[in-house]
Amino acid sequence: MVTASLSRLTGFAGAALLAAIVVATFVPAAWQVRLGLHWLLEHFLAYFTLTLVSSIATRRPITVAAVLLPVAIVLETLQALTADRVADAATALFAAAGVASAALLADLVMALGGKAASGPKA
């Protein structure tokens with residue numbers, strides 16, 4: 001019961017993170033909250049966090065990556081439709097790298113965790 005509740009909570013957190021990224025993509029640049037880091041690093045960290053949280057919620061990191069990789073690229077491309085922004089290929093690549101890195105890390109941790117849980121074979 002606790003696992004289902006925790007999964008639901010992390011799923012909600014993932015949805016909230018995705019909504020925040022979508023909103024940040026389309027609001028005017030002056031309205032954005034910045035961390036003070038380079039914008040490429042901010043994109044990497046945002047998508048890394050989103051992918052990690054979503055992977056924990058679904059327990060399927062590669063499927064999460066398959067969904068979020070095109071989302072990251074499309075959202076960056078759609079910034080060309082805003083009045084004060086431009087679409088940037090490097091930013092899209094950093095976002096995609098954040099998704100891929102988090103998915104691979106989550107997959108590795110889940111694979112190692114599954115082997116440790118089964119214990120050594122006698």
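Position one of the sequence shown corresponds to residue 1 (our numbering), numbered consecutively onward.
Glycine included, C-beta positions come from ideal geometry on N, C-alpha and C.
As the structure is a prediction and not an experimental result, all values here were calculated from the model.
Check                                                                                                    : Outcome
Member of Val-86, Ala-66, Ala-83 and Thr-82 whose CA lies at the smallest distance from the CA of Gly-98 : Ala-66
Pair within 9 Å by beta-carbon distance, Leu-35 and Glu-42                                               : yes
Close Cβ partners of Arg-59 (< 6 Å) along its chain, the five nearest in sequence each way excluded      : none
Pick from Thr-77, Thr-3 and Leu-81 that is closest to Ala-90, judged by C-alpha positions                : Thr-77
Cβ-Cβ separation, Ile-73 to Ala-46 (assumed contact under 8 Å), whole Å                                  : The pair is not a contact, with the Cβ atoms about 14 Å apart (cut-off 8 Å).
Rounded separation between Thr-25 and Ala-96 - CA only                                                   : 15 Å
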